[in-house]
Amino acid sequence: MNSRMICLQRKPKGRLRDSFSTFEAKRVLNFHRSIPGYRPTELHNLKTLANNLGIQSLYIKDESTRFDLNAFKVLGGSYSLFQVIRNKLGLSDELTDFKELRLEKYREKISHMHFITATDGNHGRGIAWAAKHFGAKATVLMPKGSSEERLENIRKLGVEAFITEQNYDDTVRKAAELAKKNDWILVQDTSWEGYEEIPTLIMQGYLTMAVEAVEQLGDKKPTHVFLQAGVGSMAGAVSSFINQYYQNEAPVIGIVEPFAANCIYKTAEAEDGKLRVINGELKTIMAGLACGEPCPLAWNEIKSAASFYFSISENVGATGVRVLSSPIGNDRRILAGESGAAPIATVFELLNNNEYRHIRERMGINKDSVILCFLTEGITDNQSFKEIVWYGKYSTAD
Ligand SMILES: Cc1ncc(COP(=O)(O)O)c(C=O)c1O
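According to numbering that gives the first Met the number 0, the sequence shown is numbered sequentially starting from 0.
Here's what the structure looks like:
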C-alpha cells in the first residue's frame, strides 16, 4: 500500500518579521474594508464533524465567498496592486482607502500601468479583478495543464490570459522575462533575490483572512492550525501572524502539501537552510498547491512558526472534498476546491486513521483540541469536483 500521508516534526527556529505583526494585519484589514462589497467571510464551526473526530471544535474559515471570487487570493492581489499604484502616483503610504485610487484625477496615469503574473488560477484571477477595478491592464500566464474553466474565469475579467507550455515555476520565469522586455510590472506571489517588495505586499494582503478569523474566534483560542502551501506565501504570512498574535499561547502549526509538490516538506527535512526544489510536472488535483519552489520570504516565517509538515496523497485530498460536501448532523455543507480542502483532509486522516496515532500524540491533539483550518477556495474546477464526489475518483484505500 502506498503511504497516504507522511509527517515530519521540526522545532521552529528563527525570528518572525514585523511585516506580519498584528499592527500590519489591522492596517491591511482597513484597506480591504474600504473596498465596496467587502464583508468578512464566514467562520464555520463543524460541531458534528468535530464530535466524530473526537476533538472539541473544528473551525473552518471559508474563503470561497471572498469578494465573490471563490478564493482568498484576491486579498494579496488587491493589496499589492493598491500599494504599487499608490507608490507610483507618489501618494502617502498612510493611505489605506481603496476608493482614493479610483478618483478621476488618477485614471489616465493608472490606465498606462500594465501588470503581469503567472498563476495556477486563483492568484491570477485576483490580479485581474484588482487591475480591472483600478483601471490598469494585466496579462496572466498559466502553466501547462491548467483547467480551461480557470482560464475563462480570468479572461472574463477583461484581461489577456493564456496557458503556456511550461510548469508553474518556469511560467513564473516567463512572466518575469515578459515584464522586463515590455516594461510591465511583475506581481508575483513568490520571492527571489532582488524581488521581495511585491511578494511581501501580497503576503501581507493575506493577513486579512487571519485577522478576521482570530476576531471571529474571540476568546476561543485555537490549539492547532493547519495551513496548506504551494510556494508557502499564504502559510508563511498566516503562521507568522498567528504566532505573533497569540504569543506564548500560540497554537501548534502544521503545513500541508500534496506529495507531488512537497517543496516545503523537503526543505524542512533537509535542515541545512537551503531551499529544496521539486521538478517535473507537479501533477496533483490540488492545483493551487502544485508549486515546486518555495518562496524564500515565506520559508523564513514558516520555519520560525510551524512545527509539523505533512505531505498528503491525492486520496487524502479528495476525501477532504467529499467529507465537506456530505456533512452530517447540522454541519454546514461546504463545496470546496481540492487545494482549499487540503488541511481539513489532513485533519480528517490524522484523526480517523489509527496508523497516525503517534502523530496525534506528538501534536498534542485530544478531546480538548480546537482546530482551525483555512478553506482557501471553493470549487474552481467543476469537472474535477464531479469526478471526485460523483464518480469516486481517488477513493481507493491507498
Ligand atoms: C486555493 C489555494 N490555496 C492555497 C494556495 C497556496 O498559496 P501559496 O502558493 O501562497 O502557498 C493557493 C495558491 O495558489 C491556492 O490557490
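Just so you know, even glycine gets a beta-carbon here, dropped at the ideal spot from N, CA and C. None of the values given here were measured: they were computed from a predicted structure.
- Isoleucine 153 and cysteine 372 do not touch by the CB rule: their CB atoms are close to 26 Å apart, not below 8 Å.
- Comparing C-alpha distances from isoleucine 241 to each of Val230, Arg172 and Leu226 shows the shortest one belongs to Leu226.
- Each of Tyr355, Gly120, Gln243 and Ala178 was checked against the Cα of phenylalanine 114, and the nearest Cα belongs to Ala178.
- Distances from the alpha-carbon of arginine 3 to those of Leu374, Ser338, Val369 and Glu354 put Glu354 closest.
- For aspartate 330, the number of other beta carbons within 10 angstroms of its own is at least 16, and it is reported as buried.
- For secondary structure counted as the alpha helix (DSSP H) over 4 or more consecutive residues, the segment 27-99 holds these complete runs in sequence order: 46-52 and 73-87.
- For the set Pro326, Leu150, Ser310 and Glu107, the Cα lying nearest the Cα of lysine 136 is the one of Glu107.
- Contact between the segment 121-138 and the segment 238-254 is not established, with fewer than three Cβ pairs separated by less than 8 Å.
- Beta-carbon to beta-carbon, leucine 156 and tryptophan 128 are separated by about 6 Å, close enough to satisfy the 8 Å threshold.
- Secondary structure note for valine 230: it is in no alpha helix (DSSP H), with a DSSP letter that is neither H nor E.
- Remark: C-beta atoms of valine 210 and serine 79 do not approach each other more closely than 8 Å.
- For isoleucine 378, the secondary structure class from DSSP, reduced to helix, strand or coil, is coil.
- Distance between leucine 7 and alanine 212, taken at the CA atoms: about 27 Å.
- Residue pairing from DSSP places tryptophan 191 in a beta bridge opposite Tyr194.
- Taking C-beta separations shorter than 6 Å and ignoring five residues to either side along the sequence, the partners of arginine 332 in its chain run Pro326, following chain order.
- Leucine 296: member of the alpha helix (DSSP H) spanning 295-304, first to last residue.
- Straight across, the Cα-Cα distance linking glutamate 386 with histidine 43 is about 26 Å.
- Nearest to lysine 143 by C-alpha distance, out of Val224, Lys72, Glu280 and Ile84, is Glu280.
- Listed in chain order, the non-local C-beta contacts of alanine 269 below 8 Å within the same chain comprise Arg275, local neighbours out to five positions each way being set aside.
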